[in-house]
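Notes follow once the structure below has been shown.
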Amino acid sequence: MKSLNASLMTTAVWLALCSACPSAHAADAIASRPWMNGSKTSVQRTELLLKAMTLDEKLLLVFGYASGDQLAQVDSAVIPGVNTKEVIATVIPGSAGYIPGIPRLGIPAQHQADASIGVRNPNLERTSLPSSLATAASWDPRVAEAGGKMIGLEARQSGFNVMLAGGVNLAREPQNGRNFEYTGEDPLLAADMAAGLIRGVQSNHIISTIKHYLINAQETGRNIVSAQVSPAALRMSDALAFELAIEKSSPGSVMCSYNRINDVYACQNAFWQNQVLKGDWGYKGYVMSDWGAVHSTVLAATAGLDQQSGFPFDKAPYFAKPLKEAVEDGSVPQSRVDDMARRILWAMFDKGVMDHTVKAGPIDFAAHAKVSQSAAEQSLVLLKNEAGVLPLVAPKRVALIGSYADKAVLAGGGSASVTPIGGNAVPGLGPGGWLTQVWQPSSPMKALQQRMPSTQFSFDAGTDVASAAKAAAAADVAIVFVHQWTAESLDASLTLEGNQNDIVSAAAKANPNTVVVVESGGAILMPWQPDVKAILAAFYPGAAGGEAIARILTGEVNPSGRLPITFPASTDQLVRRQIAGKSDGPLFTVRYTEGAAVGYKWFDLHGHKPLYAFGHGLSYTSFELGGLQASQAKAQVTVKFSIRNAGSRAGDSVGQVYVRAPQSAHWEAPRRLVGFDKLKLKPGETGTSAVTIDPRLLATFDEATGEWVIAPGTYEVQLGAGSDDIRATAKLALAGRRFTSAQLRR
Ligand code: BGC
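Using our numbering, read the sequence shown as starting at 137 and increasing by one per residue.
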């Protein structure tokens with residue numbers, strides 16, 4: 137009685153103070169459902185709700201359905217108390233997944249939508265951001281956050297409260313067909329950019345995932361491959377990206393991946409889920425499985441999986457009846473099911489899902505297209521620009537060649553492929569079904585024409601070499617658009633498909649002012665690179681990509697993207713020239729012998745000179761970087777620098793801070809990116825920055841003790857405009873130090 141009075145008192149005080157001042161009706165509701173008292177913490181509310189739940193209700197929360205055709209095949213009563221027909225009736229058609237609500241307790245249904253660049257649903261036209269890799273090229277987490285805010289709002293306005301966003305797998309394998317969904321090859325950059333996106337998504341009172349945990353580095357055989365790599369190396373690379381991103385954005389859920397990690401399936405991997413994620417990193421949210429990534433009941437449950445997703449993608453409803461039976465026969469302790477439900481409910485309270493019911497409503501698509509356009513404009517990377525061919529200064533005749541540049545820009549395929557507003561501009565391409573190639577209806581040609589009304593434009597499809605050469609020869613400037621379509625479940629070739637390389641070479645031969653715009657999922661090989669005057673990496677530039685490309689080509693926007701990945705000069709420079717394994721068949725292993733030496737670190741280690749280095753990107757103005765100072769106060773290292781815009785146009789520059797370790801530190805590679813900052817500078821303006829360095833970026837991971845270790849010695853701090861363009865260096869003496877991830881959180 138005493139505690140009830142106390143809780144009613146707290147409610148009364150909260151009601152008196154609360155700004156929204158709920159009605160007496162709300163007060164009654166809180167009295168009957170004390171977990172709806174917003175003055176309590178998410179942990180307190182979760183515990184109150186958990187106490188009111190039956191075992192069957194908890195089980196309801198841990199089992200998710202897919203929607204659409206698959207769901208129609210499910211027998212009813214897969215889970216006690218659930219009628220599948222009702223589930224089918226409540227699901228948003230075409231959505232990725234669904235977990236029924238529990239009206240008795242005021243727990244809303246979980247409506248899940250893919251993915252990181254926008255709301256994916258074959259039935260709903262929605263705004264697409266540029267690919268996550270493109271946005272990572274902005275080197276500005278604020279850009280990712282603004283994008284996340286926009287797509288999270290569209291998710292809410294479409295009735296979704298869980299967004300399957302936050303792809304942060306490192307681009308360890310340049311031929312991985314999903315690199316476009318991720319945020320690059322460096323753990324710090326990848327984490328900062330994914331965290332920005334997640335913060336933005338969750339600012340809409342919905343849950344975002346972070347995915348795919350862990351080392352789902354290739355698509356070929358993703359359900360059968362074992363990624364073989366030392367845990368210490370993972371902690372300093374792929375896992376570090378997750379660790380940092382989780383700390384910086386607190387995603388409600390972590391999605392475990394399809395693959396095995398050192399022989400153990402990710403979704404039943406006790407080491408990575410229980411010990412590392414929930415133990416060492418203190419993660420409070422829930423682990424949901426990727427669609428079809430569950431292989432057991434008892435093993436998965438005790439290894440830390442909290443929610444089975446997307447049934448019937450899995451072979452069995454492991455977390456439905458079988459889980460109840462496992463609890464009843466004691467093979468899964470009831471406390472584990474409590475913990476699963478606790479984690480899901482905590483995320484629902486903490487991210488606002490419990491208090492802010494989602495409701496489909498009107499969407500301001502025009503405003504959202506601007507968000508997407510702005511992201512592209514801050515992200516596209518000018519790789520090469522000779523003899524001032526760009527920006528275009530009203531040439532008389534411009535020939536556009538290839539890649540449907542008269543009507544569209546390309547998008548990546550699979551569960552991250554958003555149905556464009558206005559429909560697919562180039563229908564009928566790709567393998568079809570969920571892997572249909574999507575072209576966003578944003579025409580680079582139209583956008584250029586609007587900006588250069590006195591220029592005469594021609595368009596050639598870029599399918600026939602002779603015709604492309606003729607078109608190029610007849611113009612003052614030839615702009616060849618090339619593309620590489622990549623998609624989930626498939627891996628990519630770095631060599632452009634068809635005769636695209638011949639088309640570029642022929643155009644370059646016919647016209648000395650040839651510019652190439654590359655629409656790609658990631659790195660590609662460019663055999664024609666020496667022969668063309670300019671190259672713009674447009675990645676997949678999103679819903680307004682045509683506008684963004686035109687504004688950069690004409691100089692209305694000064695390019696400021698920097699590569700979040702390395703473009704190799706040839707496949708000989710890669711760790712693996714070819715992707716190993718097959719999609720079906722016996723289990724197989726890929727040995728990631730490079731360990732933590734991912735991307736530019738591998739190139740540095742082996743002295744390979746890439747075609748375009750990590751961090752590279754040009755501008756229409758020039759910048760002077762200097763004023764480098766590195767200092768240490770207590771255990772905190774801070775690096776200060778300045779950038780001056782030495783040219784005559786406003787522009788943004790990214791100060792990139794790398795650290796080179798002494799040999800005795802035994803780093804995986806000579807250098808690591810440890811900090812960065814993008815500054816907006818008017819002509820003549822000087823900006824300054826101070827970045828603090830996360831100590832994990834200066835340490836190696838000691839598997840035996842579970843500690844990070846900074847080796848004593850003299851380190852070199854480098855300030856660069858790119859990883860291959862170091863402008864200043866400074867010395868930094870570090871004392872030896874050991875610490876755990878948990879100690880950093882205190
Ligand atoms: C993908 C996930 C996605 C899920 C739901 C899976 O195939 O790997 O990234 O969120 O499907 O559509």
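Virtual Cβ for every residue (Gly too), placed ideally from N, Cα, C. Quantities reported herein were computed from a predicted structural model and do not represent experimental measurements.
- The DSSP-derived three-state label of S551 is coil.
- In the DSSP assignment, H504 falls within the unbroken alpha helix (DSSP H) covering 501-513.
- Judged by DSSP secondary structure, G336 falls outside any beta strand (DSSP E) and instead within the alpha helix (DSSP H) spanning 323-338.
- Distances from the CA of A483 to each of R687, W570, S389, L536 were compared; the closest alpha carbon is that of S389.
- Counting only runs of 3+ residues, the beta strand (DSSP E) found wholly inside the region 332-416 occupies 343-349, 361-364, 389-392, in chain order.
- With a threshold of 16 other beta carbon atoms within 10 Å, D740 meets it and is buried.
- Residues of the same chain with a CB within less than 6 Å of the CB of Q854, apart from the 5 flanking positions on each side, are Y794, I862, T865 in chain order.
- Under the DSSP assignment, G233 falls in the beta strand (DSSP E) whose first and last residues are 233-235.
- If you compare the alpha carbons of E624, G598, M172 with that of A614, the shortest gap goes to G598.
- Of all C-beta pairs linking the region 225-238 to the region 519-539, fewer than three are shorter than 8 Å, placing the two stretches out of contact.
- A direct Cα-Cα distance of roughly 43 Å separates E355 from G823.
- Counting other Cβ atoms within 10 Å of its Cβ, D192 stays below 16 and is therefore classed as exposed.
- Rounded to the nearest angstrom, the gap between the Cα atoms of L350 and K606 is 50 Å.
- Per DSSP, H492 lies in no alpha helix (DSSP H) and is assigned neither H nor E.
- Between L333 and S252, the CB-CB gap stays under 8 Å.
- Under the three-state reduction of DSSP, E655 is assigned to strand.
- For K347, the distance from the CB to the nearest heavy atom of ligand 1 is below 7 Å.
- For Q709, DSSP assigns no beta-bridge partner whatsoever.
- Q470 is classed as exposed because its beta carbon has fewer than 16 other beta carbons within 10 Å across all chains shown.
- Shown here, D276 sits in coil according to DSSP, grouped into three states, outside any helix or strand.
- According to DSSP, residue pairing for R807 in a beta bridge involves R796.
- For M588, the secondary structure class from DSSP, reduced to helix, strand or coil, is coil.
- Contact between the region 754-769 and the region 711-721 is absent, with fewer than three C-beta pairs closer than 8 Å.
- Of the residues assessed, H752 falls on the buried side of the cut-off, its CB having 16 or more other CB atoms within 10 angstroms.
- At the C-beta level, G872 and A840 stay beyond 8 Å of one another.
- K194: member of the alpha helix (DSSP H) spanning 191-197, first to last residue.
- Of the heavy atoms belonging to ligand 1, at least one sits nearer than 7 Å to the Cβ of A232.
- Partner residues in a beta bridge of Q180, as assigned by DSSP, do not exist.
- Listed in chain order, the alpha helix (DSSP H) runs fully inside the region 421-468 are 434-438, 457-464, counting runs of at least 4 residues.
- For T824, the enclosing beta strand (DSSP E) covers residues 822-829.
- DSSP places I228 outside any beta strand (DSSP E), giving it a letter other than H or E.
- Here DSSP, grouped into helix, strand and coil, assigns N173 to coil.
- V640 carries a helical assignment under DSSP once its states are collapsed to helix, strand and coil.
- Look at N315 here: in three-state DSSP terms it is helix.
- The beta carbon of R262 is closer than 6 Å to those of G254, V255, E290, V554 in its chain, skipping five residues each way along the sequence.
- Residue range 470-486 is occupied by the alpha helix (DSSP H) that includes M484.
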